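Working notes for the structure below.
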Amino acid sequence: MDTERLIELIRRAPVLQVLEEEGAADRRELEQQLNVSKSTVHRFTRSLREYGLIERADGKFVLTSLGEMSITEVTAFETSIETLWELAPVVEVASANGIDIDVAAFTDATVTIAEPGNPYRPVNRFMSLISETKTLRGLDPASINPLHIDEIYERIVTGMHTDVVFRPAVVEELLLSNPDRAQRALESGNLTIRTHDDLPFGLTLADDRIGVGIYGDEMGLLRLYVDTDAPAACEWAEEVYTDYRNTATELTEHTELSRLPPVQVLTDD
């Protein structure tokens with residue numbers, strides 16, 4: 002398809018969408034549905050008929066077979082572009098770290114963005130995902146939000162099996178700022194902490210849903226959180242998590258952190 006025809010198809014897509022939804026429509030009905038003038042509808046329908054995308058039947062316009070297939074493809078293209086724009090921060094970070102990501106796998110994802118009046122929307126969405134999950138795995142390059150440390154701690158010590166990879170500095174902060182809780186969480190047998198020097202983004206793998214979090218530069222708050230239960234996205238998250246987990250260092254093997262007072266992180270006798 003030449004560029005001119007493709008542009009024409011996208012520009013006239015609203016007409017095709019109306020006909021796809023209604024099955025058939027005359028010029029007056031198209032004017033009302035599209036809120037355009039009679040001359041505009043005449044111009045639109047003339048070009049679409051010239052390209053073989055619509056035809057007249059019983060005084061109304063209907064899609065041809067080519068028109069039906071074309072609007073299906075245009076709708077899919079528009080959805081992909083919208084998803085790409087919403088996921089732009091994730092795509093940029095993934096690309097910068099050499100991580101391939103199939104945007105189509107996140108087409109139906111829930112995208113939660115921090116707002117000036119509600120900066121905690123993404124982290125609250127994250128907490129809603131783990132509120133009932135029995136297992137939690139993932140990557141987290143930033144410190145845990147202080148507002149949720151207690152809740153996460155309680156979930157771990159009461160049975161949520163957690164295997165998470167942090168940056169070393171984040172682990173050090175957790176150990177020094179919450180030594181008692183860190184010790185009890187480790188001793189519960191439900192928590193495994195690993196460290197990795199270079200984590201690209203936050204990644205959550207709950208029982209039946211995954212999430213990707215992008216942090217802002219200020220205060221380490223989540224500015225974007227994308228979550229979905231789409232099988233392709235879950236498979237992607239599993240691969241990314243496994244790659245980083247396999248190259249991470251388990252806390253009990255991390256010599257520098259194991260010497261940090263006052264916490265005894267080496268729990269094996």
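Quick note on numbering: the sequence shown equals residues 2 to 270 in this note's numbering. Positions of the beta carbon are idealized from the N, C-alpha and C atoms, including for glycine. Predicted model only: the values in this text are computed from it and were never measured.
| Item | Value |
| --- | --- |
| Alpha helix (DSSP H) runs wholly inside the segment 33–62, at least 4 long, in chain order | 39–51 |
| From I145, E5, P169, N191, residue whose alpha carbon lies closest to that of V158 | N191 |
| A238, buried or exposed, once every other Cβ within 10 Å from all chains shown has been counted against 16 | buried |
| Separation of V241 from N247, as counted between CA atoms | 10 Å |
| Alpha-carbon spacing of Y154 relative to L148, whole angstroms | 12 Å |
| Inter-stretch contact (C-beta, 8 Å, three-pair minimum) for the segment 80–94 and the segment 178–191 | no |
| Per-residue DSSP class, three states only, for G68 | helix |
| For A26: DSSP bridge partner residues | F62 |
| The segment 56–64 contacting the segment 159–175, beta-carbon criterion three pairs below 8 Å | no |
| Closest by C-alpha distance to S48, when choosing among G68, R122, Q33, D198 | G68 |
| Cβ contact (3+ pairs, closer than 8 Å) linking the segment 25–42 and the segment 72–91 | no |
| Paired residues, beta bridge with L1 - DSSP | Because the chain here runs from 2 to 270, residue 1 falls outside it and cannot be looked at. |
| Environment of S71 [buried if 16+ CB atoms lie within 10 Å] | buried |
| N- and C-terminal bounds of the beta strand (DSSP E) containing D164 | 162–167 |
| Local Cβ density within 10 Å of P117, reported as buried at 16 or more and exposed below that | exposed |
| Bridge partners - V112, DSSP secondary structure assignment | V227 |
| Three-state secondary structure assigned by DSSP to N119 | strand |
| Cβ pair G217, G203 closer than 9 Å | no |
| Residue(s) in a DSSP beta bridge with R12 | Its beta-bridge partners do not exist; DSSP assigns none. |
| Cβ neighbours of R21 in the same chain (closer than 6 Å, five flanking residues each side left out) | A small correction: the amino acid at residue 21 is Glu; Arg does not occupy that position in the sequence shown. Correct list, in chain order: I72. |
| CB of V104 within 9 Å of CB of L85, strictly | yes |
| Nearest to R224 (by Cα), restricted to the options R185, I131, F127 | F127 |
| A106 versus D244, A249, D228, residue with shortest Cα-Cα distance | D228 |
| Inter-residue spacing [alpha-carbon to alpha-carbon] between A115 and Y226 | 9 Å |
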